[in-house]
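Student:
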Amino acid sequence: MDDASLETRQVLSRIHERQISEGVAKRLPSFLDDVEVDITNAHCLDFGCGNTARDSIRMLDAGAKHVTLVDVEDGWMDTARTQLQQAGYHSSQFKLLDARTWTKATTENSLDFIVCNGVIHHLAEPDAAMSALSARLRPGGHLYLYLMGKGGVLRDFVMKILRDLYITDPGFKRLIDSDPDVVRSALIGGARSILVTRSNSLPEQYKGLVPLLEDAIDVDFVLTLKDRVATPIYEQYDLPMAIELLESHGFTLVDRVFPAPRFKNIRALLEDVYAFPDDPISIFLMGSGNLHLLAQRVA
Ligand SMILES: C[S@@+](CC[C@H](N)C(=O)[O-])C[C@H]1O[C@@H](n2cnc3c(N)ncnc32)[C@H](O)[C@@H]1O
């Protein structure tokens, strides 16, 4: 297992555990709400499933017969198992595997459906993972793949400027690596110093901004910021890059879908930017838009 995957796991494990305790692990709509694929009785794989096992639970909820969950090492397994059991599933309906050995423990051409949600863009060797996924999917089987999009001023601010700052500024790194509540207090404190602690009081029409702050910047927002900034690799893809990735590993693109996430924090302002990525303002802010893709393994 390469160092980047181990480090990614460490960062994301803390995020996933806090998402569970905050009750926001399932705040994004299920990919199964958007793609047209019947997984009744299907044998499925959740590659890079994370501690929450949320997509595995969704697949079992949709009638999958069995789900194999794969992630790095075994630190995630207790939490994932508990989540699955709390959702009502028996250990005979799922199997948890370490990413170091999962290919040996699975059979080629054996799977009907694979979800790979937010994983490939974190990998040092995405092609190796895509080949392994393709080999285990039966011809005609489907893959749901989510990749981080590319470009746009807002995305570039986070994915270029803030990620660079995390590497070059030890103070910023220390802050981002702190407990989410500490990060949140610092962000709110910084914003309050602009809005409240100032030499002239804020013009009347902007005074409503102050109470909005605490809702706008919640722990869920901080967890997203940590995800974007502190993971060692975060490749960004536009649609032609994603199609090339799929086709070079024996997949054909079937559909691109546009989940409309619901946020309680300031990201709520961006819901339509995610849902309608072809609008000029969406392209300006978020470039290619995120890539939520349904693909099929070519027969
Ligand atoms: C952003 S999280 C997504 C988790 C889950 N798919 C979801 O949507 O909630 C990315 C996951 O990929 C996992 N990961 C990183 N490197 C991996 C590798 N080489 N093989 C399998 N999973 C990996 C991380 O540990 C992490 O849990």
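Residue numbers for the sequence shown follow my numbering, so the first one is 1325 and each next one is one higher.
We treat Cβ as the ideally placed atom computed from N, Cα and C, and that holds for glycine.
As the structure is a prediction and not an experimental result, all values here were calculated from the model.
1. Closer than 7 Å by C-beta to F1545: which residues in its own chain qualify, once you throw out the five before and the five after it? Chain order, please.
2. With a threshold of 6 Å on Cβ separation, who are the neighbours of A1456 within its own chain once the five nearest residues in sequence on each side are excluded?
3. Since G1473 and M1610 should fall inside the 8 Å C-beta cutoff, what is the C-beta to C-beta distance between them, to a whole number of angstroms?
4. Tell me which residues share the same chain as A1554 and place their Cβ nearer than 7 Å to its Cβ, disregarding the 5 neighbours each side in the sequence.
5. Check whether the stretch 1344-1351 and the stretch 1416-1433 are in contact - that is, three or more C-beta pairs closer than 8 Å.
6. Please go through the same chain and pick out, in chain order, the residues whose beta-carbon is closer than 6 Å to the beta-carbon of C1373, but skip the five residues on each side of it.
7. Measuring straight from C-alpha to C-alpha, what distance separates G1532 and A1411?
8. Go to G1465, then tell me how far its alpha helix (DSSP H) extends in each direction, as first and last residue.
9. Does the distance from the CB of H1466 to the CB of A1619 come in under 8 Å?
10. With DSSP collapsed to three states, give me the class of F1545.
11. Quick one: what does DSSP say D1505 is sitting in, helix, strand or coil?
12. How many Å lie between L1369 and L1461 at the Cα?
13. Closest by CA to A1623, which one among M1401, S1345, A1459, Y1468?
14. So is S1606 in contact with chain D if we call contact Cβ pairs under 8 Å?
15. So for R1378, helix, strand or coil by DSSP?
16. Look at the Cβ atom of L1537, then the Cβ atom of A1510, and state whether they are nearer than 8 Å.
17. Excluding the 5 residues preceding and the 5 following R1552 in the sequence, name in chain order all residues of the same chain whose CB lies nearer than 8 Å to its CB.
18. Consider the C-beta atom of F1418 and the heavy atoms of ligand 1; say whether any pair is separated by less than 7 Å.
19. Is it true that the CB of G1475 sits closer than 8 Å to the CB of S1612?
20. Since F1437 sits in a beta bridge, which residues does DSSP pair it with?
21. Going by DSSP, what residue range makes up the beta strand (DSSP E) through Q1417?
22. Leaving out the 5 sequence neighbours to the left and right, which residues in its chain are closer than 7 Å to Q1367 when beta-carbon positions are compared?
23. Looking at C-alpha atoms only, which residue of R1338, E1432, D1402 is the closest neighbour of V1320?
24. Along the chain, where does the alpha helix (DSSP H) that runs through H1340 open and close?
25. Any heavy atom of ligand 1 within a distance shorter than 7 Å of the CB on N1433?
26. Mapping DSSP to helix, strand and coil, what is L1617?
27. How many Å lie between P1463 and E1568 at the Cα?
28. What runs of the beta strand (DSSP E), each 3 residues or longer, lie entirely inside the stretch 1523-1595?
29. Taking just the CA atoms, how far does S1415 sit from L1478?
Tutor: Short version:
1. N1589, I1590, R1591
2. T1427
3. 6 Å
4. V1335, Y1490, I1500, D1501
5. no
6. S1380, L1393, D1395
7. 41 Å
8. Where G1465 is concerned, there is no enclosing alpha helix (DSSP H), although the beta strand (DSSP E) it sits in stretches over 1461-1471.
9. yes
10. helix
11. helix
12. 9 Å
13. A1459
14. Here chain D cannot be found, since the structure has a single protein chain.
15. helix
16. no
17. V1482, M1483, L1486, R1487, Y1558
18. no
19. yes
20. C1368, H1466
21. Here Q1417 belongs to no beta strand (DSSP E), and DSSP marks it neither H nor E.
22. The residue you asked about is not Gln; residue 1367 is His in the sequence shown. Same-chain partners within the cutoff: K1389, H1390, S1434, L1435, D1436.
23. Lying outside 1325 to 1623, the shown extent of the chain, residue 1320 is not represented and no answer is given.
24. 1327-1346
25. no
26. strand
27. 19 Å
28. 1575-1581
29. 43 Å
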